[in-house]
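Trainee: This is the structure I want to talk about, given as structure tokens.
2 protein chains.
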Amino acid sequence: MPELRKDPVTKRWVIIATERAKRPKDFALVQEEKKTGFCPFDYGNEHLTPPEIFAFRPADTEPNTPGWWIRVVPNKFPALDPNIEPERYGHGMYDAMKGFGRHEVIIETPDHNATIATMDLKQVEEIVWAYKERYTQLAKDKRLKYILIFKNHRRDAGASLAHPHSQLIAMPITPKRVMEELEGAREYYNYKERCVFCDMINQERLENTRLVEENEEFIAFEPFAARFPFETWILPKRHEANFGNITESEVRNFARILRDILHRMYKTLDDPPYNFMLHTAPTYGEGEIYYHWHLEIVPRLTKVAGFEWGSGFYINPTPPEEAAKFLKQVELQG
Amino acid sequence: MPELRKDPVTKRWVIIATERAKRPKDFALVQEEKKTGFCPFDYGNEHLTPPEIFAFRPADTEPNTPGWWIRVVPNKFPALDPNIEPERYGHGMYDAMKGFGRHEVIIETPDHNATIATMDLKQVEEIVWAYKERYTQLAKDKRLKYILIFKNHRRDAGASLAHPHSQLIAMPITPKRVMEELEGAREYYNYKERCVFCDMINQERLENTRLVEENEEFIAFEPFAARFPFETWILPKRHEANFGNITESEVRNFARILRDILHRMYKTLDDPPYNFMLHTAPTYGEGEIYYHWHLEIVPRLTKVAGFEWGSGFYINPTPPEEAAKFLKQVELQG
């Protein structure tokens, strides 16, 4: 059974994923490239993943057969287990919790070699619809406090399979980074009676040195205090705390700006490894007034400052203003 | 001029290192292995580093010539600049600060191929003495609020040179992770009137499932909520907030347990890449009552969960109890 454990000093929760316990010899294997040519996410291999939870597929096709264009399945090696209750308990001075939760994989396309940066816009919209569908379904379970949607692109960003996919982890606690963001946004709101993210949108549009792209409903810029070279955030212009409330037209505009930004990175940085994380309010309504959902995209370009893992301190060798210039230069496809 | 910038939501400070601004094409170069056989930290190349700040060397040798056994030099590409004042200023809604501070390199040995895990104990003690010496000197400058000593071992942990070295960054603000630790330790102290780290030491000794090694003055264990496989913390048994106050006998015992733990990792995990970070109280006295200095060692074994960068949420596939068993099995040299 996976276990959630809390650090008594920093209050950081960690998943101890006992189901896939790693011994010393396993780590060398993980780092090796697997190039077998076989992929469980390709057409015809549907029986090799756990049965699908949800798919976009023609009405005349059976679940777990080819024909789908988006497919959502449970992670075969889930970090959390949906079949236990999120019971809390002490362990001496420490706090722990049974590892209840969900871990799903969103297979973004049947095309093994595709990538969002160069995908048809329609397909990117379908991916965003799938995010919304799963988010909305899982948010109904009151035991799940937070739903984290993210993507690891390429091995250097933590992807163990090359086939385009995103992941969703729904968990019984709100992660520390989210709590910090909520707290920071609340403090700012208490002081200014304005949303800190709305203020950022205004300043970035006015200043126009870190802004990369905007459309009617979304804006993308390099954050002022970017941690990483070419770190880019995408925000809806409409103040809204919860990703689950994205509208139909916002799905289209979000898909467009997401594909464009990833395309700009693809061209500028030669298909870099990256992570993106959807930051949204918890499912239980906290943050409604002062929080503002957004997506953070982080290319994984440098290992120079490994100490950042431990210190929470970042050295960024590329000023965000420089990064914005490079990304803006890219000519977009139609 | 490097600039410190603060994220308005999370209050995380970032160093924008403008002096070594990276353009898109530079990143491919950084990731390439450099195997020229030439090393600026070897004997005879002393003129290729900035002039030494401090060294252990025979009395009859000149600075910046061979003969030394420990050498401290300014980083050739410093993240912070000692020749400016730490002036604060606003930038619209954002907060920034001139990038004042110090960035030094502690060259741990003249032997290019040595590593702490297999070094003579005497030499490891000298490294710790050098840490203390630089810490104590820099702590006198009241503009420097925090002194971070850390080590990146091997390229996968961010080391750009193979020659054994540690780094020191002295900065005009206290990093976020340290602030969180101080706050967590203070809250615990307010509630219990005991140090949370002292309580951990007691529970780990009693429980004896995550403990790896102890001597008269230090203890090493896998933390209950370990973020990473084989993450290991070393704590002095004596309650002391500030590394600068390490005693002569503690230097010896710290050097011994540090070398032993790194040796255990070396054997168990085949000389893994790792980072270690010395966690100490800020120089201005905060935390004296409730904080407890320690060293956190993090082997860099897995890329599986890249999303952790963004979420502050960790999935650890190796329970710390399992990791402790493997590390304890290692037979130590005399």
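Chains as they are written, first to last, in this note's numbering: chain R, 1 to 334; chain X, 1001 to 1334.
Even for Gly, the Cβ is constructed at its ideal location relative to N, Cα and C.
In this text the structure is predicted, and so the values were computed from the model without any measurement.
Starting from the beta carbon of R:Glu-193, find every residue of chain X whose beta carbon is closer than 7 Å, and list them in chain order.
Mentor: Correct list: empty, because the minimum Cβ distance to chain X is about 14 Å.
Trainee: Using a Cβ-Cβ cut-off of 8 Å (strictly less than) and excluding sequence neighbours within five positions of X:Glu-1003, which residues of its own chain qualify?
Mentor: Hits under 8 Å: Ile-1015, Ile-1016, Thr-1018, Ala-1096, Met-1097, Lys-1098, Gly-1099.
Trainee: Around the C-beta of R:Ile-297, are 16 or more other C-beta atoms found within 10 angstroms, so that it is buried, or is it exposed?
Mentor: Flag for R:Ile-297 reads buried.
Trainee: Is X:Trp-1013 close to chain R? Criterion is C-beta to C-beta, closer than 8 Å.
Mentor: Closer than 8 Å to some Cβ of chain R, the Cβ of X:Trp-1013 qualifies, so yes.
Trainee: Which residues, in order along the stretch 1213 to 1226 of chain X, keep a beta-carbon less than 9 Å from a beta-carbon of chain R?
Mentor: Result list: Pro-1223, Phe-1224, Ala-1225, Ala-1226.
Trainee: Return the chain-ordered list of same chain residues with a C-beta closer than 6 Å to the C-beta of X:Gly-1067, the five sequence neighbours on each side being excluded.
Mentor: If we look at X:Gly-1067 and ignore the five residues flanking it on each side, its Cβ neighbours are Arg-1057, Pro-1058, Thr-1061.
Trainee: On a Cα-Cα basis, can you pick out the residue from R:Met-171, R:Trp-293, R:Arg-5, R:Val-330 that is closest to R:Lys-145?
Mentor: Ranking the options by Cα distance to R:Lys-145, first place goes to R:Met-171.
Trainee: Would you please verify whether the beta carbon of R:Val-30 is less than 8 Å from any beta carbon of chain X?
Mentor: With a pLDDT of 48 at R:Val-30, under the threshold of 50, the modelled position of this residue cannot be trusted, and the question is left open.
Trainee: Could you give the distance in angstroms between the alpha-carbon of R:Lys-142 and the alpha-carbon of R:Tyr-284?
Mentor: For R:Lys-142 and R:Tyr-284, the distance between alpha carbons rounds to 8 Å.
Trainee: To which residues of the same chain is R:Arg-102 closer than 6 Å at the C-beta, ignoring the five residues directly before and after it?
Mentor: Pro-82, Ala-170.
Trainee: Which residue's Cα is closest to the Cα of R:Pro-78: R:Thr-247, R:Gln-167, R:Lys-192, R:Ala-117?
Mentor: With distances taken between Cα atoms, R:Pro-78 lies closest to R:Gln-167.
Trainee: May I ask you to verify whether the stretch 84 to 93 of chain R touches the stretch 131 to 141 of chain R, counting CB pairs closer than 8 Å and requiring at least 3?
Mentor: Too few Cβ pairs lie closer than 8 Å, so no.
Trainee: Pull the bridge partners of R:Asn-275 from the DSSP assignment, please.
Mentor: According to DSSP, R:Asn-275 bridges with R:Asn-152, R:Val-298.
Trainee: Using a Cβ-Cβ distance cut-off of 8 Å, determine whether R:Ala-241 contacts chain X.
Mentor: Chain X, which has no Cβ nearer than 8 Å to the Cβ of R:Ala-241, makes this no.
Trainee: Less than 8 Å separating the beta-carbons of X:Phe-1027 and R:Leu-301?
Mentor: Result yes, Cβ atoms of X:Phe-1027 and R:Leu-301 sit closer than 8 Å.
Trainee: How many Å lie between X:Gln-1031 and X:Phe-1221 at the Cα?
Mentor: Residue confidence for X:Gln-1031 is low, a pLDDT of 46 falling below 50, so the modelled location carries little weight; the figure read from the coordinates is stated next. Approximately 33 Å between the Cα atoms of the pair.
Trainee: Which of the three DSSP states is assigned to R:Gly-184 in this structure?
Mentor: Looking at R:Gly-184 - three-state DSSP - the assignment turns out to be helix.
Trainee: Name, please, each residue of chain X whose Cβ falls closer than 8 Å to the Cβ of R:Lys-176.
Mentor: What R:Lys-176 touches in chain X: Gly-1312, Phe-1313.
Trainee: Where are the alpha helix (DSSP H) runs, 4 residues long or more, that stay fully inside the stretch 99 to 126 of chain R, in chain order?
Mentor: Runs of the alpha helix (DSSP H) inside the stretch 99 to 126 of chain R: none found.
Trainee: Anything in chain R within Cβ reach of X:Gln-1203, meaning under 7 Å, just list it in chain order.
Mentor: What X:Gln-1203 touches in chain R: Gly-92, Met-93.
Trainee: Please compile the residues from chain R whose C-beta is within a distance smaller than 8 Å of the C-beta of X:Tyr-1188.
Mentor: Pro-8, Val-9, listed in chain order.
Trainee: Could you tell me which of R:Leu-262, R:Ala-281, R:Asp-7 sits nearest to R:Ile-246, measuring between CA atoms?
Mentor: Of the candidates R:Leu-262, R:Ala-281, R:Asp-7, the one whose C-alpha sits nearest the C-alpha of R:Ile-246 is R:Ala-281.
Trainee: Of the choices X:Val-1128, X:Tyr-1274, X:Arg-1134, whose alpha-carbon is the least far from that of X:Pro-1299?
Mentor: Among X:Val-1128, X:Tyr-1274, X:Arg-1134, the Cα nearest to that of X:Pro-1299 belongs to X:Tyr-1274.
Trainee: Report the three-state DSSP secondary structure of R:Trp-69 (helix, strand or coil).
Mentor: Coil, per DSSP.
Trainee: Using only alpha-carbon positions, find the residue among R:Gly-287, R:Leu-121, R:Glu-181 that is nearest to X:Thr-1010.
Mentor: For X:Thr-1010, the nearest C-alpha among the options comes from R:Glu-181.
Trainee: Would you tell me roughly how many angstroms separate the C-alpha atoms of X:Leu-1029 and X:Ser-1160, rounded to the nearest one?
Mentor: With a pLDDT of 49 at X:Leu-1029, under the threshold of 50, the predicted position of this residue should be treated as unreliable, though the coordinate-derived value follows. Distance between the alpha carbons of X:Leu-1029 and X:Ser-1160 is about 11 Å.
Trainee: Output needed in chain order: residues of the stretch 259 to 271 of chain R with a Cβ under 8 Å from some Cβ in chain X.
Mentor: From the stretch 259 to 271 of chain R, only Thr-268, Leu-269, Asp-270 have a Cβ closer than 8 Å to chain X.
Trainee: Where does X:Lys-1006 fall in DSSP's three states?
Mentor: Strand at X:Lys-1006.
Trainee: From the beta carbon of X:Asn-1075, is the nearest beta carbon of chain R less than 8 Å away?
Mentor: Cβ-Cβ to chain R under 8 Å: no for X:Asn-1075.
Trainee: What residues in the stretch 60 to 90 of chain R bring their beta carbon closer than 7 Å to a beta carbon of chain X?
Mentor: Residues Ala-79.
Trainee: By a C-beta neighbour count over all protein chains shown, 10 Å radius and 16 as the cutoff for buried, is R:Ser-311 buried or exposed?
Mentor: So R:Ser-311 counts as buried.
Trainee: Mind checking who R:Phe-77 pairs with in its DSSP beta bridge?
Mentor: Bridge partners of R:Phe-77: none, in fact.
Trainee: Does the distance from the C-beta atom of X:Asn-1075 to that of X:Glu-1052 stay below 8 Å?
Mentor: The answer is no: Cβ separation not under 8 Å.
Trainee: Taking three-plus beta-carbon pairs below 8 Å as touching, is the stretch 112 to 129 of chain R in contact with the stretch 1249 to 1268 of chain X?
Mentor: Cβ pair count under 8 Å is below three, so no.
Trainee: Leaving out five residues on either side along the sequence, give the residues of the same chain with a beta carbon under 6 Å from the beta carbon of R:Tyr-314.
Mentor: Arg-227, Glu-308.
Trainee: How do the stretch 1257 to 1270 of chain X and the stretch 1105 to 1122 of chain X stand: do at least 3 beta-carbon pairs fall below 8 Å, yes or no?
Mentor: In short, these stretches touch, since the Cβ pair count reaches three.
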